[in-house]
Amino acid sequence: MPPHLLTARLTLAPLAPEMAEDIAAGADDREVVRWLTRLPFPYGQGDALRFVETCREGPAWAIRHRHAVIGMVAADDGLGYWLRRDAWGRGLAREAARRVVDFHFSEGGGDLASSFMDGNAASARILRGLGFEDDGPKVLRSLAAGERPGRAMLLTRAAWEARTGLPIRTERLTLDLMRDADAEALHAMVTIPEVGRNLMVFPPWWTVAAARTFIPLCGDLSGPRYRLAVRRDGRLIGSVGFGAPAGGAVGLAYWLHPDAAGQGFATETARAAILDFLRRFPDRDALVAGVFQDNPASARVLKKLGFRRTGESVRQGDARMDPAPLWDYRLERAALEGRS
Numbered sequence: 057m058p059p060h061l062l063t064a065r066l067t068l069a070p071l072a073p074e075m076a077e078d079i080a081a082g083a084d085d086r087e088v089v090r091w092l093t094r095l096p097f098p099y100g101q102g103d104a105l106r107f108v109e110t111c112r113e114g115p116a117w118a119i120r121h122r123h124a125v126i127g128m129v130a131a132d133d134g135l136g137y138w139l140r141r142d143a144w145g146r147g148l149a150r151e152a153a154r155r156v157v158d159f160h161f162s163e164g165g166g167d168l169a170s171s172f173m174d175g176n177a178a179s180a181r182i183l184r185g186l187g188f189e190d191d192g193p194k195v196l197r198s199l200a201a202g203e204r205p206g207r208a209m210l211l212t213r214a215a216w217e218a219r220t221g222l223p224i225r226t227e228r229l230t231l232d233l234m235r236d237a238d239a240e241a242l243h244a245m246v247t248i249p250e251v252g253r254n255l256m257v258f259p260p261w262w263t264v265a266a267a268r269t270f271i272p273l274c275g276d277l278s279g280p281r282y283r284l285a286v287r288r289d290g291r292l293i294g295s296v297g298f299g300a301p302a303g304g305a306v307g308l309a310y311w312l313h314p315d316a317a318g319q320g321f322a323t324e325t326a327r328a329a330i331l332d333f334l335r336r337f338p339d340r341d342a343l344v345a346g347v348f349q350d351n352p353a354s355a356r357v358l359k360k361l362g363f364r365r366t367g368e369s370v371r372q373g374d375a376r377m378d379p380a381p382l383w384d385y386r387l388e389r390a391a392l393e394g395r396s
């Protein structure tokens, strides 16, 4: 069963039988199924239940918006998606498709195919915007509409990497999306006491299963909330990411395995990630960070990067018994760009 995936506005949830009623309500619409190959018309709850049972173990998700199921997205033998008609025109299909495409490639998937029927300009725009390229004419066989002319589309890994800017390569490190295979190493790292005590969200009893749930929630590159793996020679040695906006600025967080300390990797990691973040989001003018005052090494890294101390606060990390004082820092875009 695939994991839950998040975007700025959507939750992509594994299929479940209780979703069948909502799926059928959205798909039982001639204007929806006329562009699809696998859905008959009319489309009833029984059809939806059979679809759920057939696809629930594969890479297929229900698209939830404000807790309601508004469509489907899958990447089994190619990328496919649909939305109920009242969800059209808001960029939600592209948002869902982009997240699934990024998940597919981050997990090591190969070139990804898709297609659209002639006349489906909206789907053509979505696929081209995601980096898919025309792969020639294709006759599509629709259960609802019979044979229809269309276009085959293909997204290669090289094209995906060009769109996402991943992986990021520094002199010694590689930054890319975390993947399921990282779960055990991630768990082992953040539950090391000297690592966990400097972080906010990882208690000592955090499990490998929790890591497997956490990883796919961190990969939405469309907004300023994502996390990247830090690798050296293919081995996970840490992570760097960006969190919820605070006071108009986005928060930076990073950690490294203790074996990687004292070699300049934290500065190298954070600088590369920040420059990439500012490239992705040109409207963001600042980043913030908080460092526990008993973690002077991290404070030195922030100072090297151009962060300035703005004050103090008190927080309790999940691996600490009591609240502890922090130094608060802020980095203006101009300050980092002047140092790069």
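Its first residue numbered 57, the sequence shown is counted upward by one per residue in this note's numbering.
All C-beta atoms, glycine included, are put in the ideal place defined by N, C-alpha and C.
The structure presented is a predicted model; accordingly, all values stated were derived computationally and were not measured.
Expected contact under 8 Å - CB spacing of residue i and residue j to nearest Å
{"i": "I119", "j": "L68", "result": "6 Å"}
{"i": "A62", "j": "L273", "result": "First, the residue type needs correcting, since residue 62 is Leu and not Ala in the sequence shown. About 5 Å separates the two Cβ atoms, so the contact holds."}
{"i": "L222", "j": "L233", "result": "6 Å"}
{"i": "R386", "j": "M256", "result": "Not quite, the Cβ-Cβ distance comes to about 18 Å (not below 8 Å), so this is no contact."}
{"i": "S170", "j": "G136", "result": "7 Å"}
{"i": "P73", "j": "L95", "result": "Not a contact, Cβ separation roughly 18 Å."}
Residue closest to residue i, alpha-carbon to alpha-carbon, out of the options
{"i": "D132", "options": "R219, T325, W117", "result": "W117"}
{"i": "V365", "options": "L343, G373, M128, I224", "result": "The sequence given here has Arg at residue 365, not Val. It is L343."}
{"i": "E393", "options": "K194, M128, L331, L284", "result": "L331"}
{"i": "A81", "options": "E368, D158, T110, V125", "result": "V125"}
{"i": "T325", "options": "G346, D341, G297, G252", "result": "G297"}
{"i": "A180", "options": "C111, R150, R291", "result": "R150"}
{"i": "R225", "options": "A317, S369, V88, G290", "result": "G290"}
{"i": "M57", "options": "D384, R268, P352, G127", "result": "R268"}
Residue i, DSSP secondary structure in three states
{"i": "D384", "result": "strand"}
{"i": "T263", "result": "coil"}
{"i": "I330", "result": "helix"}
{"i": "W216", "result": "helix"}
{"i": "F172", "result": "strand"}
{"i": "M245", "result": "helix"}
{"i": "T93", "result": "coil"}
{"i": "F337", "result": "coil"}
{"i": "G362", "result": "coil"}
{"i": "A353", "result": "helix"}
{"i": "H160", "result": "helix"}
{"i": "E203", "result": "strand"}
{"i": "V257", "result": "coil"}
{"i": "M209", "result": "strand"}
C-beta contact flag for residue i and residue j at 8 Å
{"i": "G299", "j": "V286", "result": "no"}
{"i": "V306", "j": "P338", "result": "no"}
{"i": "A200", "j": "F97", "result": "yes"}
{"i": "L284", "j": "L334", "result": "no"}
{"i": "A64", "j": "D276", "result": "yes"}
Do the segment 357-364 and the segment 239-248 meet, that is, are 3 or more Cβ pairs less than 8 Å apart? no
Report yes or no: do three or more beta-carbon pairs, one from the segment 310-330 and one from the segment 376-384, lie closer than 8 Å? no
With a threshold of 8 Å, are at least 3 pairs of Cβ atoms found where one atom belongs to the segment 173-181 and the other to the segment 201-218? yes
When you compare the segment 150-162 with the segment 185-193, are there three or more beta-carbon pairs, one atom per stretch, that lie closer than 8 Å? yes
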